[in-house]
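Student: Taken in order, these protein sequences are the chains called P and F.
In this text, residue positions in the first sequence follow full-length UniProt numbering: the first is 1, and each later residue adds one.
In this text, residue positions in the second sequence follow full-length UniProt numbering: the first is 1, and each later residue adds one.
From the three backbone atoms N, C-alpha and C, an ideal C-beta is built for every residue, glycine too.
Every value quoted in this text rests on a predicted model; they were computed, and no experiment measured them.
Shown below is the structure under consideration.
2 protein chains.
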Amino acid sequence: MEQAKLLSDTVLAIFRANGRLIAWGDHFAAAQALTSARWQMLGALALAGEPLTAPQIADSMGVSRQGAQKQLNLLFADGLLTRTPNPAHQRSPLYWLSAAGQQCFNEVDSRWRQHALKVAASFAPGELESVQRLLDKLASLHPPEDAKGENDAR
Amino acid sequence: MEQAKLLSDTVLAIFRANGRLIAWGDHFAAAQALTSARWQMLGALALAGEPLTAPQIADSMGVSRQGAQKQLNLLFADGLLTRTPNPAHQRSPLYWLSAAGQQCFNEVDSRWRQHALKVAASFAPGELESVQRLLDKLASLHPPEDAKGENDAR
DNA sequence: GAACGGTTGACAACTTGTTGTCAATAACGG
DNA sequence: CCGTTATTGACAACAAGTTGTCAACCGTTC
Numbered sequence: 001m002e003q004a005k006l007l008s009d010t011v012l013a014i015f016r017a018n019g020r021l022i023a024w025g026d027h028f029a030a031a032q033a034l035t036s037a038r039w040q041m042l043g044a045l046a047l048a049g050e051p052l053t054a055p056q057i058a059d060s061m062g063v064s065r066q067g068a069q070k071q072l073n074l075l076f077a078d079g080l081l082t083r084t085p086n087p088a089h090q091r092s093p094l095y096w097l098s099a100a101g102q103q104c105f106n107e108v109d110s111r112w113r114q115h116a117l118k119v120a121a122s123f124a125p126g127e128l129e130s131v132q133r134l135l136d137k138l139a140s141l142h143p144p145e146d147a148k149g150e151n152d153a154r
Numbered sequence: 001m002e003q004a005k006l007l008s009d010t011v012l013a014i015f016r017a018n019g020r021l022i023a024w025g026d027h028f029a030a031a032q033a034l035t036s037a038r039w040q041m042l043g044a045l046a047l048a049g050e051p052l053t054a055p056q057i058a059d060s061m062g063v064s065r066q067g068a069q070k071q072l073n074l075l076f077a078d079g080l081l082t083r084t085p086n087p088a089h090q091r092s093p094l095y096w097l098s099a100a101g102q103q104c105f106n107e108v109d110s111r112w113r114q115h116a117l118k119v120a121a122s123f124a125p126g127e128l129e130s131v132q133r134l135l136d137k138l139a140s141l142h143p144p145e146d147a148k149g150e151n152d153a154r
């Protein structure tokens, strides 16, 4: 039974860390009038390096299509994204960072990298990699388990 | 800059694992008509081993007082919790598991322990502990940073 | 014992995410 | 070219959490 408690505690540690990081991210990104969610969304586009459609962004972030769309609409309304007609699909425009979005993201990302350097220095070299591996393995052992009948697969 | 990316990826791995575990937990707990949130709430009470007030439960779970209260009211309405008058505070009743709540939690917890044993066996002995330590350290390096002016400290 | 500040529950508004449904548009097979 | 199926955006409903505000209660202090 010791093993079970060990795993429970680990899961709770993940929940705790998740909550803390989101709360901290909200505060950190507030300087650029962003939230954690918007920061992540801009980051997904920046990382892709090219304009994407809403479903593509949703896939790359691992959230539902509708969830991504909601944020995209808000970010577009706030002028942080541009919508380009998609030659390959009339109803599905391509989203890309606007000038304001670029600047916004650059500022927060630059500050983040400074902070990350300091924080990462608190850990031994291979430590972060091995944690990533374990987390991904743990996640893979707990799949969404929709099996088959799903709509709108995620 | 490699270090910064390493940390970013770790944070994203935490977000991913968190999402996966919640989704999986919702499905797993559905057999007892629970959700992840309700399961955790019942677990917090069971772990405490004694009736608690709403703010105490909130503290122990690391969520806001109002957030815990919302779930407590729902769980009470569903008959999974009992409210006992609190001799020490007239307005703040003590919550405890009802018979139904006990049974509900026992069933899901028993199934969870079986599953956890199998999953924990996939990891080396010290691995889970070291991940917990890193996660908690990472969380502690990213405090809510309210500093002073906060209402309703969390 | 009246006045003060801190605690608590209730309520409302908001954020971020989910699922489900619908209609319009692609995409494809005959 | 037409019918069928899959994508896609919009919308609604919901879950879970946050913050803020208010009024009632508690404890302490003068």
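Run down chain F in chain order and give the residues with a C-beta less than 9 Å from the C-beta of residue 42 of chain P.
Tutor: Position 42 of the first sequence, counted from the first residue, corresponds to residue 42 of chain P. Simply none; closest approach about 13 Å.
Student: Buried or exposed for residue 149 of chain F, please, with buried defined as at least 16 other CB atoms from any protein chain shown within 10 angstroms of its CB.
Tutor: As a first step, residue 149 of chain F must be located in the second sequence, where it is residue number 149. Here the model assigns residue 149 of chain F a pLDDT of 44, short of 50, so the residue's position is not dependable, and the following value carries that caveat. Burial call: exposed.
Student: Would you kindly check if the distance between the Cβ of residue 138 of chain P and the Cβ of residue 17 of chain F is under 8 Å?
Tutor: For the purposes of this step, residue 17 of chain F is identified with residue 17 of the second sequence, where counting begins at 1. For the purposes of this step, residue 138 of chain P is identified with residue 138 of the first sequence, where counting begins at 1. Contact flag set, yes.
Student: Taking 8 Å as the CB-CB limit, is residue 3 of chain P close to chain F?
Tutor: Locating residue 3 of chain P in the first sequence gives position 3, where the first residue counts as 1. Chain F contact via Cβ: present.
Student: Quick one: residues in its chain with C-beta nearer than 8 Å to the C-beta of residue 79 of chain P, no 5 flanking neighbours on either side, listed in chain order?
Tutor: Locating residue 79 of chain P in the first sequence gives position 79, where the first residue counts as 1. If we look at residue 79 of chain P and ignore the five residues flanking it on each side, its Cβ neighbours are 98, 100, 101.
Student: Along the chain, where does the alpha helix (DSSP H) containing residue 10 of chain P start, and where does it finish?
Tutor: In the first sequence, the residue the question calls residue 10 of chain P occupies position 10. Taken as a continuous stretch (DSSP letters only), the alpha helix (DSSP H) holding residue 10 of chain P covers 2-29.
Student: Pick out whichever of F:56, F:111, F:106 has its Cα sitting closest to the Cα of residue 95 of chain F.
Tutor: Within the second sequence, residue 95 of chain F is the residue found at index 95, counting from 1. Among F:56, F:111, F:106, the Cα nearest to that of residue 95 of chain F is on F:56.
Student: Does the CB of residue 113 of chain P have a neighbour CB from chain F at under 8 Å?
Tutor: Along the first sequence, one-based indexing puts residue 113 of chain P at 113. Closer than 8 Å to some Cβ of chain F, the Cβ of residue 113 of chain P qualifies, so yes.
Student: Could you list which residues in chain P have their beta carbon closer than 7 Å to that of residue 62 of chain F, in chain order?
Tutor: Locating residue 62 of chain F in the second sequence gives position 62, counting from the first residue. Within 7 Å Cβ-Cβ: 16, 19.
Student: Can you name the residues that DSSP bridges to residue 82 of chain F?
Tutor: Numbered from 1 along the second sequence, position 82 holds the residue referred to as residue 82 of chain F. DSSP lists F:96 as partners of residue 82 of chain F.
Student: State the CB to CB distance for the pair residue 75 of chain P and residue 38 of chain P, rounded to an integer number of angstroms; the pair is presumed to be in contact (CB under 8 Å).
Tutor: In the first sequence, the residue the question calls residue 75 of chain P occupies position 75. In the first sequence, the residue the question calls residue 38 of chain P occupies position 38. Sure, about 6 Å apart at Cβ, within 8 Å.
Student: Let me know the secondary structure DSSP gives residue 74 of chain P once reduced to three states.
Tutor: In the first sequence, the residue the question calls residue 74 of chain P occupies position 74. Reduced to three states, the DSSP call for residue 74 of chain P is helix.
Student: Would you call the region 2-20 of chain F in contact with the region 82-91 of chain F, where contact means no fewer than 3 C-beta pairs closer than 8 Å?
Tutor: No: the two stretches stay apart, fewer than three of their Cβ pairs being nearer than 8 Å.
Student: How about residue 10 of chain P: is its C-beta nearer than 8 Å to some C-beta of chain F?
Tutor: Reading the first sequence from its first residue, position 10 is the one you call residue 10 of chain P. Chain F contact via Cβ: present.
Student: Pull up the distance between the alpha-carbon of residue 20 of chain F and that of residue 142 of chain P, whole angstroms please.
Tutor: For this step, residue 20 of chain F is matched to residue 20 along the second sequence. For this step, residue 142 of chain P is matched to residue 142 along the first sequence. Looking at the two C-alpha atoms, the distance is approximately 7 Å.
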